[in-house]
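Engineer: Numbering (this note's numbering), first residue to last: 3 to 353. The beta carbon of each residue, even a glycine, is placed where N, CA and C say it ideally should be.
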Amino acid sequence: MVSRTVLVARLDSVGDVLVQGPLVRAAAAGADRVVFLAGPAGAEAARLLPGVDEVETWACPWILGDPPPVDAADLAALTGRIRALAPDEAVVSTSFHQSPLPLALVLRTAGVPRISAISVDYPGSLLDVRHRVDDDLPEPERALSLARAAGFDLPPGDDGRLAVRRPLPELRDLHTGGHRGPDGHQCADLAPGYVVLHPGASVPARAWPAHRCAEAVEALADAGHRVLVTGGPRERELTAAVAGARGVDLGGALGLAELAAVLDGAAAVVVGNTGPAHLAAAVGTPVVSLFSPVVPAARWAPYGVPTVLLGDQGAPCRLTRARECPVPGHPCLGSVTADDVVAAVEKVVSA
Numbered sequence: 003m004v005s006r007t008v009l010v011a012r013l014d015s016v017g018d019v020l021v022q023g024p025l026v027r028a029a030a031a032g033a034d035r036v037v038f039l040a041g042p043a044g045a046e047a048a049r050l051l052p053g054v055d056e057v058e059t060w061a062c063p064w065i066l067g068d069p070p071p072v073d074a075a076d077l078a079a080l081t082g083r084i085r086a087l088a089p090d091e092a093v094v095s096t097s098f099h100q101s102p103l104p105l106a107l108v109l110r111t112a113g114v115p116r117i118s119a120i121s122v123d124y125p126g127s128l129l130d131v132r133h134r135v136d137d138d139l140p141e142p143e144r145a146l147s148l149a150r151a152a153g154f155d156l157p158p159g160d161d162g163r164l165a166v167r168r169p170l171p172e173l174r175d176l177h178t179g180g181h182r183g184p185d186g187h188q189c190a191d192l193a194p195g196y197v198v199l200h201p202g203a204s205v206p207a208r209a210w211p212a213h214r215c216a217e218a219v220e221a222l223a224d225a226g227h228r229v230l231v232t233g234g235p236r237e238r239e240l241t242a243a244v245a246g247a248r249g250v251d252l253g254g255a256l257g258l259a260e261l262a263a264v265l266d267g268a269a270a271v272v273v274g275n276t277g278p279a280h281l282a283a284a285v286g287t288p289v290v291s292l293f294s295p296v297v298p299a300a301r302w303a304p305y306g307v308p309t310v311l312l313g314d315q316g317a318p319c320r321l322t323r324a325r326e327c328p329v330p331g332h333p334c335l336g337s338v339t340a341d342d343v344v345a346a347v348e349k350v351v352s353a
């Protein structure tokens, strides 16, 4: 029996990769091997997706926000890597504002015999399946519709929600930026039921102001919640300031799998439109979404979990895709108060 390999490509960030979960599981149901081609920021997320057998990483000069230069030798090396993988077909997933055609050209040059993608542009001979969709579909549904157009579907019993590989890491020995233990490290009470607040965002325009985050930690603690504050290695100063004396600072303490485990134990997650929002959805945890309308919530709100959306969705920055807030005072999120967050947490927890 001939083994069938499918290459799934999504070349941007953590959240963009996580919302491909239903597509990947559909491809895995019809293939013997799924190889995920990811960008450097999304590779760790790709490894968390059920159905992915291998991950290849490549920095794409026409997708990434801080792109590398176009380099002929790099493109030739990628072509060689794809040829060595010998996929029987490829499914190229993109956001609505991205074109799949440059990558389709590389894949075709590498000998991939069948390529499927969503494209508003005429693809010529670059695509075998040119799929077109309503742009207001939630991103997971948009991606799954592409899988179905390519001939793949979810296996029986799969509800189409986001998911991660389990079991997740044990957190008993996690050292954190919170209470100091006997060894001088800081440690946290990780018994389930806490609230996670994630103040950072990969795009500054989507971040709730730090002083508001700190106020929310205080207000949540006043309401009786244990609050864990999460962030990446470059966000330690931010998470320490936000956690203050009453939150537990986990800044820089977690890889993506460990963050998934922390979110999995939370009663609710307070987060902007950034990767951890989709990671929370993937572990089934309710989300209070501090959502800047620079991209549409209809496409990018947390999928498949109880969610309260906070932020002015009609603000002047609406649909600009701005990376830096174009409006003085960041009104779309600056108007959200700590009391708003506490009320939203109570709502999603009760849901």
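Okay, do the segment 27–47 and the segment 4–17 touch, 3+ Cβ pairs below 8 Å being the bar?
Structural biologist: Yes, they touch.
Engineer: Roughly how far, in whole angstroms, is the beta-carbon of Val290 from the beta-carbon of Val347, given that I think they are within contact range, below 8 Å?
Structural biologist: Residue mapping note: residue 290 aligns to position 288 of the sequence shown, counting from 1. Residue mapping note: residue 347 aligns to position 345 of the sequence shown, counting from 1. Yes, Val290 and Val347 are in contact; Cβ-Cβ is about 6 Å, under 8 Å.
Engineer: Under three-state DSSP, which class holds Thr81?
Structural biologist: For the purposes of this step, residue 81 is taken as residue 79 along the sequence shown, with counting starting at 1. Reduced to three states, the DSSP call for Thr81 is helix.
Engineer: Quick one: residues in its chain with C-beta nearer than 6 Å to the C-beta of Pro288, no 5 flanking neighbours on either side, listed in chain order?
Structural biologist: Position 286 of the sequence shown, counting from 1, holds the residue named residue 288. Around Pro288: Ala270, Val307, Pro308 and Val350.
Engineer: By how many angstroms is the C-alpha of Thr81 removed from the C-alpha of Ala74?
Structural biologist: Position 72 of the sequence shown holds residue 74. Position 79 of the sequence shown holds residue 81. Taking the straight line from one Cα to the other gives about 11 Å.
Engineer: Taking all protein chains shown into account, decide if His213 is buried (16 or more other Cβ within 10 angstroms of its Cβ) or exposed.
Structural biologist: The residue you call residue 213 lines up with position 211 of the sequence shown. By the 10 Å Cβ count, His213 comes out exposed.
Engineer: Using only CA atoms, which one of Gly331, Asp342 and Ala78 lies nearest to Gly2?
Structural biologist: This structure cannot settle anything about residue 2, because the visible part of the chain is limited to 3 through 353.
Engineer: State the Cα-Cα distance for the pair Gly331 and Pro295, rounded to the nearest angstrom.
Structural biologist: Taking the first residue of the sequence shown as position 1, residue 331 is located at position 329. Taking the first residue of the sequence shown as position 1, residue 295 is located at position 293. Rounded to whole angstroms, Gly331 to Pro295 spans 15 Å at the Cα level.
Engineer: Inspect the beta-carbon positions of Leu252 and Gly274 and report whether they are closer than 8 Å.
Structural biologist: Working through the sequence shown from its first residue, we reach residue 252 at position 250. Working through the sequence shown from its first residue, we reach residue 274 at position 272. In this structure, Gly274 does not lie closer than 8 Å to Leu252 by Cβ.
Engineer: Let me check understanding here. Comparing Cα to Cα, which of Ala345, Ala221, His227 and Ser204 lies closest to Pro278?
Structural biologist: Taking the sequence shown and counting its residues from 1, the one referred to as residue 278 is at position 276. The shortest Cα separation from Pro278 among Ala345, Ala221, His227 and Ser204 belongs to Ser204.
Engineer: Assuming contact is defined by CB atoms lying nearer than 8 Å, are Ala145 and Val131 in contact in what I supplied?
Structural biologist: Numbered from its first residue, the sequence shown carries residue 145 at position 143. Numbered from its first residue, the sequence shown carries residue 131 at position 129. Against a cut-off of 8 Å, the Cβ pair of Val131 and Ala145 comes out as no contact.
Engineer: Excluding the 5 residues flanking Pro89 on each side, which residues of the same chain have their C-beta closer than 7 Å to its C-beta?
Structural biologist: Within the sequence shown, numbered from 1, the residue matching residue 89 stands at position 87. Excluding sequence neighbours, Pro89 sits near Thr7, Val8, Leu9, Val37 and Val114.
Engineer: Tell whether a beta-carbon distance below 8 Å holds between Val272 and Val250.
Structural biologist: Counting from 1 along the sequence shown, the entry for residue 272 is found at position 270. Counting from 1 along the sequence shown, the entry for residue 250 is found at position 248. Contact: no.
Engineer: Apart from the five residues on each side of it in sequence, which residues of its chain come closer than 6 Å, Cβ to Cβ, to Ala33?
Structural biologist: Counting from 1 along the sequence shown, the entry for residue 33 is found at position 31. Contacts found: Arg6 and Val8.
Engineer: Do you know whose CA, among Pro52, Asp341 and Pro42, lies nearest Leu66's CA?
Structural biologist: The residue given as residue 66 occupies position 64 in the sequence shown. It is Pro42.
Engineer: According to DSSP, is His213 part of a helix, a strand, or is it coil?
Structural biologist: Taking the first residue of the sequence shown as 1, we reach residue 213 at position 211. The answer is helix: DSSP assigns His213 an H, G or I state.
Engineer: Note down, one range per segment and in chain order, each alpha helix (DSSP H) of at least 4 residues found wholly within the segment 269–346.
Structural biologist: Counting only runs of 4 or more, we get 277–284, 299–302 and 333–336.
Engineer: Where Arg174 and Asp191 are concerned, what is the direct C-alpha to C-alpha distance, given to the nearest angstrom?
Structural biologist: Position 172 of the sequence shown, counted from the start, is the residue given in the question as residue 174. Position 189 of the sequence shown, counted from the start, is the residue given in the question as residue 191. Cα to Cα, the separation comes out at about 9 Å.
Engineer: Please report how far the alpha carbon of Ser15 lies from the alpha carbon of Gly44, in whole angstroms.
Structural biologist: Looking up residue 15 in the sequence shown gives position 13. Looking up residue 44 in the sequence shown gives position 42. Those two C-alpha atoms are separated by around 5 Å.
Engineer: Relative to the C-alpha of Arg35, which residue among Gln22, Glu56, Glu46 and Gly17 is closest?
Structural biologist: In the sequence shown, residue 35 corresponds to position 33, counting from 1. Closest by alpha carbon: Glu56.
Engineer: Specify the secondary structure class of Glu46 as computed by DSSP and reduced to three states.
Structural biologist: On the sequence shown, position 44 is the one that residue 46 refers to. Helix.
Engineer: Out of Ala284, Asp123, Ala218 and Ala48, point me to the one whose CA is closest to Val197's CA.
Structural biologist: Residue mapping note: residue 197 aligns to position 195 of the sequence shown, counting from 1. Comparing Cα-Cα distances from Val197 to each of Ala284, Asp123, Ala218 and Ala48, the minimum goes to Ala218.
Engineer: What residue does the alpha helix (DSSP H) around Thr111 start on, and which one ends it?
Structural biologist: In the sequence shown, the residue the question calls residue 111 occupies position 109. Taken as a continuous stretch (DSSP letters only), the alpha helix (DSSP H) holding Thr111 covers Leu103 to Thr111.
Engineer: Would a C-beta distance cut-off of 8 Å place Thr284 and Leu105 closer than the cut-off?
Structural biologist: By one-based count along the sequence shown, residue 284 stands at place 282. By one-based count along the sequence shown, residue 105 stands at place 103. Note that residue 284 is Ala in the sequence shown, not Thr. Going by C-beta atoms, Ala284 is not nearer than 8 Å to Leu105.
Engineer: Taking DSSP's pairing of strands, which residues face Val131 in a bridge?
Structural biologist: By one-based count along the sequence shown, residue 131 stands at place 129. In DSSP, Val131 forms a bridge with Ser118.
Engineer: Between which residues of its own chain and Asp161 is the CB-CB distance below 7 Å, once the five residues before and five after are set aside?
Structural biologist: By one-based count along the sequence shown, residue 161 stands at place 159. Excluding residues within five positions, none has a Cβ falling inside 7 Å.
Engineer: Which of helix, strand or coil does DSSP assign to Val250?
Structural biologist: For this step, residue 250 is matched to residue 248 along the sequence shown. Reduced to three states, the DSSP call for Val250 is strand.
Engineer: Taking Cβ to Cβ, would you say Ala209 is nearer than 8 Å to Pro201?
Structural biologist: Along the sequence shown, one-based indexing puts residue 209 at 207. Along the sequence shown, one-based indexing puts residue 201 at 199. Contact: yes.
Engineer: Please name the residue or residues paired with Thr7 in a DSSP beta bridge.
Structural biologist: For the purposes of this step, residue 7 is taken as the residue at position 5 of the sequence shown. Partner(s): Arg35.
Engineer: Could you have a look at Arg150 and say whether DSSP puts it in helix, strand or coil?
Structural biologist: Within the sequence shown, numbered from 1, the residue matching residue 150 stands at position 148. In this structure, Arg150 counts as helix in the three-state DSSP scheme.
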